[in-house]
Each structure stands twice: as C-alpha cells, then as structure tokens.
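Visitor: Below is the structure I would like to discuss, written out as structure tokens.
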Amino acid sequence: MHLREGEQILKIYRHHPTPFVYHLFVAILGTLPFFLVLFLFKESFDTKSFVIAHIVILLAFALVVTYMSLVYWLDKLVITNQRIVFVDWKFLTVKDEAEAFFREIQEIQTTEKGFLSHFRIFDYGSIIIETASAHVDIEFPNAPDPEDIRRFIYHIRTP
Numbered sequence: 000m001h002l003r004e005g006e007q008i009l010k011i012y013r014h015h016p017t018p019f020v021y022h023l024f025v026a027i028l029g030t031l032p033f034f035l036v037l038f039l040f041k042e043s044f045d046t047k048s049f050v051i052a053h054i055v056i057l058l059a060f061a062l063v064v065t066y067m068s069l070v071y072w073l074d075k076l077v078i079t080n081q082r083i084v085f086v087d088w089k090f091l092t093v094k095d096e097a098e099a100f101f102r103e104i105q106e107i108q109t110t111e112k113g114f115l116s117h118f119r120i121f122d123y124g125s126i127i128i129e130t131a132s133a134h135v136d137i138e139f140p141n142a143p144d145p146e147d148i149r150r151f152i153y154h155i156r157t158p
C-alpha cells in the first residue's frame with residue numbers, strides 16, 4: 000500500500016483476537032491424534048526415537064501456528080483521510096488489496112455475533128463497504144467493534 004500525496008493514515012484496524020484463539024484451539028485439537036498415535040505405539044519406539052517423534056510433531060505444530068498467526072495478523076483495514084484500503088493476505092506470498100475512496104462509498108453494512116457482542120471480548124463481526132462500482136466491495140471479517148468502525152468512517156466522510 001502506497002500513500003498518495005497529502006494522504007495520511009488515520010486508523011489501522013486488525014482482526015479481533017477471539018476468533019484467532021478459536022482457530023488456535025482447533026489447531027491444538029488437530030495435533031492430539033498424532034500424540035495419541037505415538038502414545039499407542041510407544042512400545043515399538045526406543046526412547047530416542049520417541050522423543051524425536053514428539054519434537055517433530057511439536058515443530059510441525061509450531062510452524063502451523065506461526066503460519067496461521069502471520070496470515071491472520073497481517074490483514075488490516077487502513078483508513079486514511081482520502082480512502083479505505085483493505086490488505087487481505089490469502090497466503091504468505093499472495094495478498095489482495097482493495098480500496099474505496101470516500102466519495103465512492105454507497106453503503107456500509109455491519110454484522111455482529113448476537114447478544115454476546117455486548118461484551119468486549121466477543122464484540123467482533125464483519126464490516127462490508129459497498130462502493131458505486133459493482134466490482135469493489137470491501138469485506139473485513141472478524142473486525143473489532145464493527146459499529147465503531149462504521150461510525151468512524153461516517154464521521155470522516157462528513158465535512
């Protein structure tokens with residue numbers, strides 16, 4: 000993302016941490032079968048091989064968590080004084096950037112996760128910014144306090 004002349008970054012939003020903790024929990028559950036298989040076949044391993052197998056599983060888990068973390072936390076919604084830019088990392092080598100100038104914004108929709116969104120730890124959802132052109136819609140999932148982001152954008156848009 001490159002800033003234009005006279006453009007200043009006003010706010011940067013990243014994903015809410017609660018959904019990441021859920022994905023981290025799923026990754027932990029995904030490693031448990033490997034440790035279970037090691038436990039069931041521990042008699043067929045000598046001590047050194049048993050320890051090395053555990054280390055290999057832990058290293059693989061650490062790599063998966065690191066990859067998940069980078070892809071999750073590199074996504075950001077940047078609000079400048081002229082436009083909104085969403086940087087969406089699909090993989091560590093592939094990213095998409097979508098931008099919407101304030102004058103092109105038609106509608107901003109937000110969705111939150113029901114009653115629990117009244118609590119800050121669960122106050123996340125999606126924000127969809129629709130523009131005048133049909134091909135540029137910005138959808139920022141797992142946004143922290145989407146209503147606050149929407150109010151901030153409307154506050155900036157009004158002169």
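Under the working numbering, the residue at position 131 of the sequence shown is numbered 130, and the numbers go up by one with no gaps. C-beta atoms are modelled at their ideal positions from N, C-alpha and C, and glycine is treated no differently.
What is the C-beta distance between Ile148 and Ile137, in whole angstroms, given that I count them as a contact (C-beta under 8 Å)?
Guide: Between Ile137 and Ile148 the Cβ distance is about 11 Å, and since that is not below 8 Å, they are no contact.
Visitor: Which whole-angstrom value describes the C-beta separation of Met67 and Ala26, a residue pair presumed to lie in contact below a C-beta threshold of 8 Å?
Guide: 7 Å
Visitor: Following the continuous alpha helix (DSSP H) through Ala26, name the residue where it begins and the one where it ends.
Guide: Where Ala26 is concerned, the enclosing alpha helix (DSSP H) starts and stops at Pro16 to Leu39.
Visitor: Residues in its own chain within less than 7 Å of Lys10 by CB, not counting five upstream and five downstream?
Guide: Ile78 and Phe151
Visitor: Beta-carbon separation of Ala142 and His15 under 8 Å?
Guide: With respect to the 8 Å criterion, Ala142 and His15 are classified as neighbours on the basis of their beta carbons.
Visitor: Mind checking Tyr123: buried by the 16 CB within 10 Å criterion, or exposed?
Guide: buried
Visitor: Grab me the residues of Ser132's own chain with a C-beta within less than 8 Å of its C-beta, minus the 5 sequence neighbours each way, in chain order.
Guide: The beta carbon of Ser132 sits closer than 8 Å to the beta carbons of Glu103 from its chain, once the five residues preceding and following it are set aside; these are given in chain order.
Visitor: Nearest-angstrom Cα distance between Leu73 and Tyr12?
Guide: Computed Cα separation, rounded: 11 Å.
Visitor: So for Leu9, helix, strand or coil by DSSP?
Guide: strand
Visitor: Between Tyr21, Phe49, Glu146 and Phe19, which has its C-alpha nearest Phe33's C-alpha?
Guide: Phe49
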